[in-house]
Each structure stands twice: as structure tokens, then as C-alpha cells.
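In this text, residue positions in the sequence shown follow the numbering used here: the first is 639, and each later residue adds one.
Glycine is no exception: its CB is placed at the ideal position from the N, C-alpha and C atoms.
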Amino acid sequence: MIALHEDFLLVEGPEGVHLPCSVDHLTLEFIGQAAASVEPEILKQAAAGVLHYFKHEQGRQFITVGEFTEALAKVLDGFGIQAKVMEVQEGQVRTSDLRALAAGAGKLGELEFFQQLRTELRQRMSERPRRIEFLGLRGCVKQLTGRKHWCPACERLQGWIVENLRRWYQLEPEAGGTALVVR
């Protein structure tokens, strides 16, 4: 087995697939008041604390999405932020590959990508799943920027993608019953 970076754990999804996830690439949006009231930096730091707990205090390399979200909800609850954790059942998770959306962007590049991304989010939200996952963020960013190595331009574009997804998600009427994950 390949050694994971210090801030990574293997997160088991509903299909039993283990994906390496870090705080930088794992963004969880909670339903209800938490989605609108939690500052992104607080959420990021809370998630870092949960990763530290599982990896260093529990000595675990594998966790489930449910364990992670439940622990994160407890941390946020400690800050007085109410976060609902929903049970995710088979078939209630919709995934989209950001790399495929980036590959489908034509001559307009980022502009066309963001239009496709908004359309994809709306389509997934209309299906009313329990959770929507956008996968391949890092690869997507490198595709759109045409970079082989991570750079400040990649960092800016990654932030812009996540920020737009959060904003669009909060505008959707169906957001109350759906969690959003971007990694």
C-alpha cells in the first residue's frame, strides 16, 4: 500500500470504494442552517480536527463518509452550529466527474466549464438525492489551466470552483435535503 500524505485518510463511499481525501479536497456542505451560517474557514478547520482525531487519536486509516460527517456534525454542534447528518442509502448519491466537464469545455474554456457546471448541479439537484458528489477537482483545475504542476493560478481556480458551487447550491430550493461534497 502506498503511504498517504499526513493530512489524508481513505474515505469509504457507499459503493465500498476507498478514496484518499484531505481537508483541502473534501468539502462537505450540510443541509439546513449550517450551509448558510458556517464560514468556509471554520468548516475547513473543523474538518482538519476530525481528520486529526481519526488518524492520530484513533490510529485509523479508513473511515466511512457517515463516520466523517457524524464527527464533523458533533464538532460543529460544539460551536453552536446545528448540522443535520442524513443517512445515505444506496442510490441516493449522485456523482459527477469534474474532469469530464473540463474535457467537454470547448473554445470558451473556463466560461463554458462554469456554465456546464451550473447546469450539472441543477440537474443533479432536480433528482433530489441525499448527496451530490463532484469528484476530480484537482485534475479538473489542472486541465482547465493547462498546467502539469500545481501553481497559484490552480489554487485560485480551485477556490473559484468551490466558491461558485457553494453559492449556486445555496440558491437551489432543493438544497435543504441534499448534501454537497467536492473533492
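The beta strand (DSSP E) enclosing residue i, as first and last residue numbers
i       : result
Ile-719 : That residue, Ile-719, is in no beta strand (DSSP E); it is neither H nor E in DSSP.
Glu-771 : 769-773
Leu-746 : Unbroken run through Leu-746: none, as it is neither H nor E.
Ala-817 : 817-820
Expected contact under 8 Å - CB spacing of residue i and residue j to nearest Å
i       : j       : result
Leu-736 : Leu-775 : 6 Å
Ile-770 : Thr-816 : 6 Å
Glu-758 : Leu-782 : With 8 Å as the limit, Glu-758 and Leu-782 do not qualify as a contact, their Cβ atoms being about 15 Å apart.
Chain-order list of residues whose beta-carbon lies under 7 Å from that of residue i (same chain, five-residue window excluded)
i       : result
Tyr-691 : Ala-709
Val-688 : Phe-706, Ala-709, Leu-710 and Val-713
Glu-748 : Leu-782
Status (buried if at least 16 other CB within 10 Å, exposed otherwise) for residue i
i       : result
Ser-764 : exposed
Gln-683 : exposed
Gln-761 : exposed
Phe-752 : buried
Leu-809 : exposed
Arg-794 : exposed
Arg-766 : exposed
Arg-785 : exposed
Gln-796 : buried
Leu-818 : buried
Phe-772 : buried
Where residue i falls: helix, strand or coil (DSSP)
i       : result
Thr-733 : strand
Gly-797 : helix
Same chain, Cβ closer than 6 Å to residue i, five either side skipped, listed in chain order
i       : result
Gly-777 : Arg-737
Ala-791 : Thr-783
Arg-804 : none
Ala-813 : Tyr-807
Arg-698 : Phe-692
Glu-801 : none
Cβ-based neighbour list, residue i, same chain, cut-off 8 Å, excluding 5 preceding and 5 following
i       : result
Pro-811 : none
Ala-741 : Gln-781
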